[in-house]
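The next block holds one structure in the form of C-alpha coordinates; read it before the comments.
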Amino acid sequence: MLLLLYQVIVLLSLLVFGGILLFNLAELHSLPESPDASGDRPFVSVLVPVRNEEHVIEACVLSLLAQDYPRYEVVVLDDCSEDRSLEILRRLEAASGSRLRIVQGKPLPEGWHGKAWACRQLGDLGGGELLLFTDADTRHKPEGISRSVAALYESGADMLTLTPYQEMAGFLEKLVIPLVYFILMCYLPLRFVRTSPKSVFCSAIGQFMLFRREIYRNIGGHRAVKAAIVEDVWLCREVKKAGGRVAVYNGIDALSCRMYRSPGEIIRGFSKNLFAGLGYRSFGLFSLVVLTLAFHVLPYGFLTAALLSGDFSASLFVLPFLQIATALFCRLLIADRFHQPAGFALLHALSQLALIAIALNSFAITRFGKGPQWKGRHYQFAGRRKGESGQ
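Okay, so the sequence shown: first residue is 1 according to UniProt numbering, each after it adds one.
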(Lines of atoms letter the chains of each structure in order from A and count residues from 1; the text may use other names and numbers.)
(Lines give C-alpha, C1' and ligand atoms only; values in the text may rest on other atoms or scores of the structure.)
Protein backbone atom coordinates (compact mmCIF):
# COMPACT_ATOMS: atom_id res chain seq x y z
CA MET A 1 0.00 0.00 0.00
CA LEU A 2 2.80 2.41 0.86
CA LEU A 3 4.54 1.66 -2.44
CA LEU A 4 1.31 2.37 -4.31
CA LEU A 5 0.92 5.69 -2.49
CA TYR A 6 4.54 6.59 -3.26
CA GLN A 7 4.09 5.82 -6.96
CA VAL A 8 0.90 7.90 -7.13
CA ILE A 9 2.65 10.88 -5.49
CA VAL A 10 5.55 10.65 -7.96
CA LEU A 11 3.19 10.47 -10.93
CA LEU A 12 1.08 13.39 -9.70
CA SER A 13 4.25 15.46 -9.17
CA LEU A 14 5.42 14.74 -12.71
CA LEU A 15 1.98 15.67 -14.05
CA VAL A 16 2.23 18.97 -12.18
CA PHE A 17 5.64 19.58 -13.78
CA GLY A 18 4.08 18.75 -17.14
CA GLY A 19 1.31 21.25 -16.49
CA ILE A 20 3.84 23.95 -15.61
CA LEU A 21 5.67 23.13 -18.84
CA LEU A 22 2.53 23.50 -20.96
CA PHE A 23 1.75 26.88 -19.41
CA ASN A 24 5.38 27.97 -19.86
CA LEU A 25 5.40 26.96 -23.52
CA ALA A 26 2.45 29.29 -24.02
CA GLU A 27 4.00 32.01 -21.87
CA LEU A 28 7.48 32.05 -23.45
CA HIS A 29 6.96 34.27 -26.48
CA SER A 30 9.30 34.79 -29.38
CA LEU A 31 10.77 38.25 -29.83
CA PRO A 32 8.69 40.65 -31.91
CA GLU A 33 9.84 41.38 -35.41
CA SER A 34 12.19 44.31 -35.94
CA PRO A 35 10.24 47.58 -35.82
CA ASP A 36 10.34 50.17 -38.54
CA ALA A 37 13.70 51.93 -38.61
CA SER A 38 12.10 55.36 -38.35
CA GLY A 39 11.67 57.12 -35.03
CA ASP A 40 13.88 57.66 -32.03
CA ARG A 41 15.62 54.67 -30.54
CA PRO A 42 17.31 54.53 -27.14
CA PHE A 43 21.08 54.30 -27.23
CA VAL A 44 22.26 50.80 -26.28
CA SER A 45 25.60 49.95 -24.70
CA VAL A 46 26.51 46.34 -25.49
CA LEU A 47 28.86 45.15 -22.75
CA VAL A 48 30.97 42.01 -23.15
CA PRO A 49 33.26 40.62 -20.40
CA VAL A 50 36.10 38.48 -21.76
CA ARG A 51 38.53 36.14 -20.05
CA ASN A 52 40.45 33.51 -22.02
CA GLU A 53 38.03 33.45 -24.96
CA GLU A 54 40.43 33.39 -27.92
CA HIS A 55 38.44 30.69 -29.73
CA VAL A 56 35.09 32.51 -29.72
CA ILE A 57 35.53 36.24 -29.16
CA GLU A 58 36.06 37.23 -32.79
CA ALA A 59 32.81 35.62 -33.95
CA CYS A 60 30.95 37.24 -31.06
CA VAL A 61 32.27 40.76 -31.71
CA LEU A 62 31.75 40.55 -35.47
CA SER A 63 28.14 39.48 -34.94
CA LEU A 64 27.59 42.43 -32.62
CA LEU A 65 29.14 44.87 -35.07
CA ALA A 66 26.76 43.60 -37.78
CA GLN A 67 23.58 44.62 -35.94
CA ASP A 68 20.90 46.54 -37.84
CA TYR A 69 20.13 48.67 -34.77
CA PRO A 70 21.00 52.32 -35.51
CA ARG A 71 22.21 53.59 -32.12
CA TYR A 72 24.57 51.42 -30.13
CA GLU A 73 28.14 50.89 -29.00
CA VAL A 74 30.07 47.73 -28.20
CA VAL A 75 32.36 47.85 -25.17
CA VAL A 76 34.51 44.78 -24.55
CA LEU A 77 36.51 44.42 -21.35
CA ASP A 78 39.40 41.99 -21.23
CA ASP A 79 39.49 40.57 -17.72
CA CYS A 80 43.23 39.85 -17.51
CA SER A 81 43.12 37.07 -20.11
CA GLU A 82 46.01 34.64 -20.23
CA ASP A 83 45.55 33.74 -23.89
CA ARG A 84 45.36 35.75 -27.15
CA SER A 85 41.98 37.34 -26.41
CA LEU A 86 43.29 40.88 -25.98
CA GLU A 87 45.46 40.62 -29.09
CA ILE A 88 42.43 39.58 -31.15
CA LEU A 89 40.33 42.36 -29.67
CA ARG A 90 42.93 45.03 -30.46
CA ARG A 91 43.03 43.84 -34.06
CA LEU A 92 39.23 44.03 -34.31
CA GLU A 93 39.22 47.48 -32.72
CA ALA A 94 41.73 48.80 -35.26
CA ALA A 95 39.61 47.54 -38.15
CA SER A 96 36.15 48.48 -36.91
CA GLY A 97 36.10 52.22 -36.34
CA SER A 98 34.55 54.02 -33.41
CA ARG A 99 31.66 51.67 -32.62
CA LEU A 100 33.92 49.14 -30.86
CA ARG A 101 35.81 50.06 -27.71
CA ILE A 102 38.29 47.70 -26.04
CA VAL A 103 39.19 48.18 -22.38
CA GLN A 104 41.80 46.42 -20.27
CA GLY A 105 40.19 45.36 -17.00
CA LYS A 106 41.63 46.09 -13.59
CA PRO A 107 42.95 43.32 -11.30
CA LEU A 108 40.35 41.43 -9.31
CA PRO A 109 39.89 43.03 -5.86
CA GLU A 110 39.23 41.09 -2.69
CA GLY A 111 35.59 40.24 -2.07
CA TRP A 112 34.61 40.08 -5.74
CA HIS A 113 34.13 37.20 -8.14
CA GLY A 114 35.58 37.55 -11.61
CA LYS A 115 32.58 37.99 -13.89
CA ALA A 116 30.76 40.30 -11.48
CA TRP A 117 33.89 42.49 -11.25
CA ALA A 118 34.29 42.64 -15.03
CA CYS A 119 30.61 43.51 -15.48
CA ARG A 120 30.76 46.15 -12.76
CA GLN A 121 33.54 47.91 -14.70
CA LEU A 122 31.55 47.59 -17.92
CA GLY A 123 28.43 48.97 -16.25
CA ASP A 124 30.40 52.07 -15.27
CA LEU A 125 31.71 52.45 -18.84
CA GLY A 126 28.43 52.02 -20.68
CA GLY A 127 26.77 55.31 -21.52
CA GLY A 128 23.56 54.00 -23.05
CA GLU A 129 19.98 54.39 -21.90
CA LEU A 130 19.90 50.60 -22.12
CA LEU A 131 22.69 48.28 -20.97
CA LEU A 132 23.03 44.89 -22.64
CA PHE A 133 25.33 42.38 -20.94
CA THR A 134 26.17 39.43 -23.15
CA ASP A 135 28.75 36.66 -22.96
CA ALA A 136 31.79 36.26 -25.18
CA ASP A 137 30.69 32.82 -26.39
CA THR A 138 27.46 34.13 -27.95
CA ARG A 139 26.71 34.91 -31.58
CA HIS A 140 23.97 37.35 -32.49
CA LYS A 141 21.65 37.61 -35.48
CA PRO A 142 21.73 41.09 -37.12
CA GLU A 143 18.24 41.98 -35.87
CA GLY A 144 18.84 40.73 -32.32
CA ILE A 145 19.24 44.08 -30.58
CA SER A 146 16.37 45.69 -32.49
CA ARG A 147 13.96 42.91 -31.57
CA SER A 148 15.11 42.78 -27.95
CA VAL A 149 14.69 46.52 -27.45
CA ALA A 150 11.22 46.29 -29.00
CA ALA A 151 10.37 43.43 -26.61
CA LEU A 152 11.62 45.39 -23.59
CA TYR A 153 9.34 48.31 -24.35
CA GLU A 154 6.45 46.13 -25.48
CA SER A 155 6.50 44.23 -22.19
CA GLY A 156 7.12 47.27 -19.99
CA ALA A 157 9.99 45.39 -18.36
CA ASP A 158 13.02 46.88 -16.65
CA MET A 159 15.12 43.79 -17.31
CA LEU A 160 14.84 41.39 -20.24
CA THR A 161 16.59 38.06 -20.64
CA LEU A 162 16.59 35.60 -23.54
CA THR A 163 16.86 31.83 -23.85
CA PRO A 164 19.56 31.37 -26.53
CA TYR A 165 19.86 28.49 -28.92
CA GLN A 166 22.35 26.22 -27.20
CA GLU A 167 24.87 24.74 -29.62
CA MET A 168 25.94 21.23 -28.65
CA ALA A 169 28.50 18.96 -30.29
CA GLY A 170 29.88 16.37 -27.88
CA PHE A 171 28.00 13.50 -26.21
CA LEU A 172 28.14 14.98 -22.70
CA GLU A 173 27.01 18.38 -24.02
CA LYS A 174 23.93 16.82 -25.60
CA LEU A 175 23.30 14.79 -22.47
CA VAL A 176 23.56 17.53 -19.83
CA ILE A 177 22.99 20.98 -21.34
CA PRO A 178 19.32 20.36 -22.33
CA LEU A 179 18.58 19.98 -18.62
CA VAL A 180 19.06 23.74 -18.23
CA TYR A 181 15.84 24.35 -20.12
CA PHE A 182 14.15 21.29 -18.58
CA ILE A 183 14.64 22.79 -15.12
CA LEU A 184 13.61 26.26 -16.28
CA MET A 185 10.47 25.13 -18.09
CA CYS A 186 9.19 22.41 -15.74
CA TYR A 187 9.91 23.81 -12.28
CA LEU A 188 9.39 27.59 -12.54
CA PRO A 189 6.11 29.22 -13.65
CA LEU A 190 7.39 31.93 -16.01
CA ARG A 191 4.18 33.93 -15.72
CA PHE A 192 5.08 34.63 -12.10
CA VAL A 193 8.52 35.85 -13.17
CA ARG A 194 6.72 38.45 -15.24
CA THR A 195 3.78 39.31 -12.95
CA SER A 196 4.71 38.54 -9.35
CA PRO A 197 6.66 41.11 -7.31
CA LYS A 198 8.12 38.31 -5.18
CA SER A 199 11.82 37.86 -5.77
CA VAL A 200 11.58 34.08 -5.34
CA PHE A 201 10.09 33.94 -8.86
CA CYS A 202 13.21 34.81 -10.79
CA SER A 203 14.84 33.67 -13.98
CA ALA A 204 17.78 35.16 -15.79
CA ILE A 205 20.25 33.83 -18.31
CA GLY A 206 23.57 35.64 -18.16
CA GLN A 207 24.25 35.08 -21.84
CA PHE A 208 21.83 37.95 -22.59
CA MET A 209 20.53 40.49 -20.05
CA LEU A 210 19.13 43.85 -21.15
CA PHE A 211 18.55 46.51 -18.48
CA ARG A 212 17.08 49.95 -18.38
CA ARG A 213 19.90 52.09 -17.07
CA GLU A 214 17.79 53.50 -14.22
CA ILE A 215 17.00 50.13 -12.65
CA TYR A 216 20.59 48.94 -13.03
CA ARG A 217 21.84 52.02 -11.21
CA ASN A 218 19.10 51.80 -8.56
CA ILE A 219 20.09 48.30 -7.50
CA GLY A 220 23.76 49.26 -7.36
CA GLY A 221 24.70 47.41 -10.54
CA HIS A 222 26.92 44.38 -10.17
CA ARG A 223 28.15 45.67 -6.82
CA ALA A 224 24.92 44.19 -5.42
CA VAL A 225 26.04 40.71 -6.49
CA LYS A 226 29.80 41.05 -6.20
CA ALA A 227 30.27 37.75 -4.33
CA ALA A 228 27.70 35.78 -6.35
CA ILE A 229 28.62 32.97 -8.73
CA VAL A 230 25.19 32.84 -10.36
CA GLU A 231 25.08 36.61 -10.60
CA ASP A 232 22.42 36.63 -13.31
CA VAL A 233 19.69 35.16 -11.07
CA TRP A 234 20.72 37.33 -8.13
CA LEU A 235 20.54 40.43 -10.34
CA CYS A 236 17.01 39.43 -11.26
CA ARG A 237 16.14 39.20 -7.58
CA GLU A 238 17.62 42.62 -6.90
CA VAL A 239 15.57 44.11 -9.76
CA LYS A 240 12.39 42.66 -8.28
CA LYS A 241 13.27 43.83 -4.78
CA ALA A 242 13.63 47.34 -6.22
CA GLY A 243 10.14 47.14 -7.73
CA GLY A 244 11.28 46.40 -11.28
CA ARG A 245 9.70 44.06 -13.79
CA VAL A 246 11.43 41.15 -15.51
CA ALA A 247 10.59 39.59 -18.88
CA VAL A 248 11.84 36.30 -20.35
CA TYR A 249 11.64 35.72 -24.11
CA ASN A 250 12.53 32.85 -26.38
CA GLY A 251 15.70 33.97 -28.15
CA ILE A 252 16.69 30.87 -30.12
CA ASP A 253 16.22 32.74 -33.41
CA ALA A 254 18.14 35.80 -32.18
CA LEU A 255 21.34 34.43 -30.65
CA SER A 256 23.22 31.21 -30.12
CA CYS A 257 25.79 30.05 -27.61
CA ARG A 258 28.01 27.06 -27.08
CA MET A 259 28.42 27.05 -23.33
CA TYR A 260 31.13 24.41 -23.02
CA ARG A 261 33.45 22.71 -25.49
CA SER A 262 34.74 19.66 -23.63
CA PRO A 263 33.61 17.23 -20.93
CA GLY A 264 36.01 18.89 -18.50
CA GLU A 265 34.49 22.32 -19.14
CA ILE A 266 30.98 20.93 -18.63
CA ILE A 267 31.89 19.38 -15.29
CA ARG A 268 33.81 22.45 -14.09
CA GLY A 269 31.16 24.90 -15.31
CA PHE A 270 28.16 23.15 -13.81
CA SER A 271 30.09 22.31 -10.63
CA LYS A 272 30.84 26.02 -10.23
CA ASN A 273 27.18 26.97 -10.53
CA LEU A 274 25.08 24.14 -9.09
CA PHE A 275 25.75 24.36 -5.35
CA ALA A 276 25.97 28.15 -5.63
CA GLY A 277 22.56 28.25 -7.34
CA LEU A 278 21.10 26.50 -4.29
CA GLY A 279 22.52 29.14 -1.96
CA TYR A 280 25.18 26.71 -0.68
CA ARG A 281 22.48 24.91 1.29
CA SER A 282 23.45 21.29 1.83
CA PHE A 283 19.86 20.34 2.58
CA GLY A 284 18.75 21.87 -0.71
CA LEU A 285 21.38 20.00 -2.69
CA PHE A 286 20.68 16.61 -1.14
CA SER A 287 16.94 17.18 -1.51
CA LEU A 288 17.58 17.82 -5.19
CA VAL A 289 19.52 14.56 -5.44
CA VAL A 290 16.80 12.51 -3.70
CA LEU A 291 13.94 14.04 -5.69
CA THR A 292 15.82 13.65 -8.97
CA LEU A 293 16.31 9.97 -8.21
CA ALA A 294 12.66 9.55 -7.25
CA PHE A 295 11.18 11.37 -10.24
CA HIS A 296 13.57 10.52 -13.04
CA VAL A 297 15.70 7.46 -12.23
CA LEU A 298 13.90 5.03 -9.92
CA PRO A 299 10.91 4.57 -12.27
CA TYR A 300 13.27 2.74 -14.62
CA GLY A 301 14.36 0.50 -11.75
CA PHE A 302 10.78 -0.40 -10.86
CA LEU A 303 9.94 -1.06 -14.50
CA THR A 304 12.97 -3.31 -14.90
CA ALA A 305 12.03 -5.22 -11.74
CA ALA A 306 8.50 -5.70 -13.08
CA LEU A 307 9.73 -7.05 -16.39
CA LEU A 308 12.18 -9.43 -14.72
CA SER A 309 9.68 -10.71 -12.16
CA GLY A 310 6.60 -10.77 -14.36
CA ASP A 311 4.76 -8.57 -11.83
CA PHE A 312 2.69 -6.12 -13.88
CA SER A 313 0.85 -4.56 -10.96
CA ALA A 314 0.05 -0.87 -10.73
CA SER A 315 2.78 -0.29 -8.15
CA LEU A 316 5.59 -2.00 -10.00
CA PHE A 317 4.70 -1.57 -13.68
CA VAL A 318 1.74 0.64 -14.62
CA LEU A 319 2.55 3.72 -12.53
CA PRO A 320 6.32 3.66 -13.22
CA PHE A 321 5.54 3.30 -16.93
CA LEU A 322 3.28 6.37 -16.76
CA GLN A 323 5.96 8.27 -14.83
CA ILE A 324 8.55 7.53 -17.50
CA ALA A 325 6.14 8.43 -20.29
CA THR A 326 5.28 11.75 -18.64
CA ALA A 327 8.93 12.73 -18.15
CA LEU A 328 9.87 11.75 -21.71
CA PHE A 329 6.88 13.65 -23.11
CA CYS A 330 8.11 16.76 -21.30
CA ARG A 331 11.64 16.29 -22.61
CA LEU A 332 10.43 15.86 -26.19
CA LEU A 333 8.27 19.00 -25.99
CA ILE A 334 11.27 20.98 -24.74
CA ALA A 335 13.53 19.48 -27.39
CA ASP A 336 11.07 20.59 -30.06
CA ARG A 337 10.73 24.15 -28.74
CA PHE A 338 14.45 24.76 -28.25
CA HIS A 339 15.72 22.72 -31.22
CA GLN A 340 17.53 20.16 -29.08
CA PRO A 341 18.49 16.66 -30.31
CA ALA A 342 15.36 14.56 -29.72
CA GLY A 343 17.29 11.30 -29.49
CA PHE A 344 19.07 12.49 -26.37
CA ALA A 345 15.72 13.31 -24.76
CA LEU A 346 15.16 9.56 -24.67
CA LEU A 347 18.29 9.26 -22.51
CA HIS A 348 16.56 11.31 -19.83
CA ALA A 349 17.47 9.02 -16.92
CA LEU A 350 21.13 9.05 -17.93
CA SER A 351 21.02 12.86 -18.14
CA GLN A 352 19.63 13.04 -14.63
CA LEU A 353 22.28 10.66 -13.29
CA ALA A 354 24.94 12.90 -14.82
CA LEU A 355 23.30 15.90 -13.13
CA ILE A 356 23.38 14.10 -9.77
CA ALA A 357 27.06 13.27 -10.19
CA ILE A 358 27.89 16.89 -11.03
CA ALA A 359 25.79 18.14 -8.09
CA LEU A 360 27.70 15.91 -5.68
CA ASN A 361 30.99 17.04 -7.20
CA SER A 362 29.90 20.67 -6.80
CA PHE A 363 29.18 20.03 -3.12
CA ALA A 364 32.43 18.15 -2.51
CA ILE A 365 34.82 20.62 -4.11
CA THR A 366 33.10 23.57 -2.43
CA ARG A 367 32.83 22.13 1.07
CA PHE A 368 35.95 20.00 1.23
CA GLY A 369 38.21 21.06 -1.65
CA LYS A 370 39.85 24.23 -2.90
CA GLY A 371 36.61 25.45 -4.42
CA PRO A 372 35.48 25.45 -8.06
CA GLN A 373 38.05 26.35 -10.70
CA TRP A 374 37.12 28.33 -13.81
CA LYS A 375 39.24 30.09 -16.42
CA GLY A 376 42.38 29.94 -14.31
CA ARG A 377 40.77 31.15 -11.08
CA HIS A 378 39.76 29.27 -7.96
CA TYR A 379 36.64 30.43 -6.18
CA GLN A 380 37.11 30.34 -2.43
CA PHE A 381 34.08 30.53 -0.18
CA ALA A 382 34.87 31.53 3.37
CA GLY A 383 31.43 32.43 4.68
CA ARG A 384 29.91 30.87 1.58
CA ARG A 385 26.21 31.08 2.31
CA LYS A 386 26.40 34.61 3.64
CA GLY A 387 28.28 35.82 0.57
CA GLU A 388 25.65 34.45 -1.78
CA SER A 389 22.36 34.70 0.02
CA GLY A 390 23.08 38.17 1.28
CA GLN A 391 23.06 39.63 -2.21
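Heads up, the beta-carbon is just placed ideally off N, CA and C, and yes, glycines get one too.
(request) Just confirm the distance between the C-beta atoms of P320 and Q7, as a whole number of angstroms; I'd bet it's less than 8 Å. (result) Along the sequence shown, one-based indexing puts residue 320 at 320. Along the sequence shown, one-based indexing puts residue 7 at 7. Correct: roughly 7 Å between the Cβ atoms.
(message) Distance check for R223 and K386, CA to CA, integer angstroms please.
(response) Sequence index remark: in the sequence shown, residue 386 carries index 386 (1-based). Sequence index remark: in the sequence shown, residue 223 carries index 223 (1-based). Summary for K386: the model assigns pLDDT 38, below 50, so the residue's position carries little reliability, and this model does not support an answer.
(message) Using the Cβ count rule (16 or more neighbours within 10 Å means buried), how would you classify E388?
(response) Here residue 388 corresponds to residue number 388 of the sequence shown, with the count starting at 1. Here the model assigns E388 a pLDDT of 42, short of 50, so the residue's position is not dependable, and the following value carries that caveat. Its Cβ being crowded by 16 or more others within 10 Å, E388 is buried.
(message) Helix, strand or coil for Q323? Go by DSSP, reduced to three states.
(response) In the sequence shown, counting from the first residue as 1, residue 323 sits at position 323. Three-state result, Q323: helix.
(request) Measure from the alpha carbon of W112 to the alpha carbon of each residue in R213, V225 and I324, then state which is nearest. (result) Locating residue 112 in the sequence shown gives position 112, counting from the first residue. Nearest option by C-alpha distance: V225.
(request) Taking all protein chains shown into account, decide if I183 is buried (16 or more other Cβ within 10 angstroms of its Cβ) or exposed. (result) Residue mapping note: residue 183 aligns to position 183 of the sequence shown, counting from 1. Exposed is the call here.
(request) Could you tell me the distance, in whole angstroms, from the CA atom of L100 to the CA atom of G19? (result) Locating residue 100 in the sequence shown gives position 100, counting from the first residue. Locating residue 19 in the sequence shown gives position 19, counting from the first residue. Taking the straight line joining both Cα atoms gives about 45 Å.
(message) Taking DSSP's pairing of strands, which residues face A150 in a bridge?
(response) Taking the first residue of the sequence shown as position 1, residue 150 is located at position 150. Under DSSP, no beta-bridge partner is assigned to A150.
(message) Give me, in chain order, the residues of the same chain whose beta-carbon lies closer than 6 Å to that of V61; leave out the 5 immediate sequence neighbours on both sides.
(response) In the sequence shown, residue 61 corresponds to position 61, counting from 1. Taken in chain order, the residues that qualify are L92.
(request) Take the Cβ of K106 as the centre, count every other Cβ of all protein chains shown within 10 Å, and call the residue buried at 16 or more, exposed below. (result) Stepping through the sequence shown from its first residue, residue 106 is reached at position 106. By the 10 Å Cβ count, K106 comes out exposed.
(message) Looking at the strands, I want to know which residues DSSP matches up with M209.
(response) Your numbering for residue 209 matches position 209 in the sequence shown. M209 pairs with F133 and T161.
(request) Mind checking which residues open and close the beta strand (DSSP E) that includes V76? (result) One-based indexing of the sequence shown puts residue 76 at position 76. Counting along the chain, the beta strand (DSSP E) containing V76 begins and ends at Y72 to D78.
(message) Quick check: what's the CA-CA separation for S262 versus H140?
(response) Here residue 262 corresponds to residue number 262 of the sequence shown, with the count starting at 1. Here residue 140 corresponds to residue number 140 of the sequence shown, with the count starting at 1. Rounded to the nearest angstrom, the two C-alpha atoms are 23 Å apart.
(message) For T138, list the residues DSSP reports as bridge partners.
(response) Along the sequence shown, read from residue 1 onward, the residue named residue 138 stands at position 138. Beta-bridge pairing links T138 to C257.
(message) I need the straight-line Cα distance from A382 to F368, nearest angstrom please.
(response) Within the sequence shown, numbered from 1, the residue matching residue 382 stands at position 382. Within the sequence shown, numbered from 1, the residue matching residue 368 stands at position 368. With a pLDDT of 44 at A382, under the threshold of 50, the modelled position of that residue is not reliable, and no figure is offered here.
(request) Spatial neighbours of R268 within its chain, please: CB distance less than 8 Å, with the 5 preceding and 5 following residues excluded, ordered by chain position. (result) By 1-based counting over the sequence shown, the position of residue 268 is 268. Contacts found: P372, Q373 and W374.
(message) For a quick check, are the C-beta atoms of I334 and M185 less than 8 Å apart?
(response) Within the sequence shown, residue 334 is the residue found at index 334, counting from 1. Within the sequence shown, residue 185 is the residue found at index 185, counting from 1. Cβ atoms of I334 and M185: closer than 8 Å.
(request) Would you mind working out which of V193, M168, F286 and R84 sits nearest A342, comparing C-alpha positions? (result) In the sequence shown, counting from the first residue as 1, residue 342 sits at position 342. Minimum Cα distance to A342 is reached at M168.
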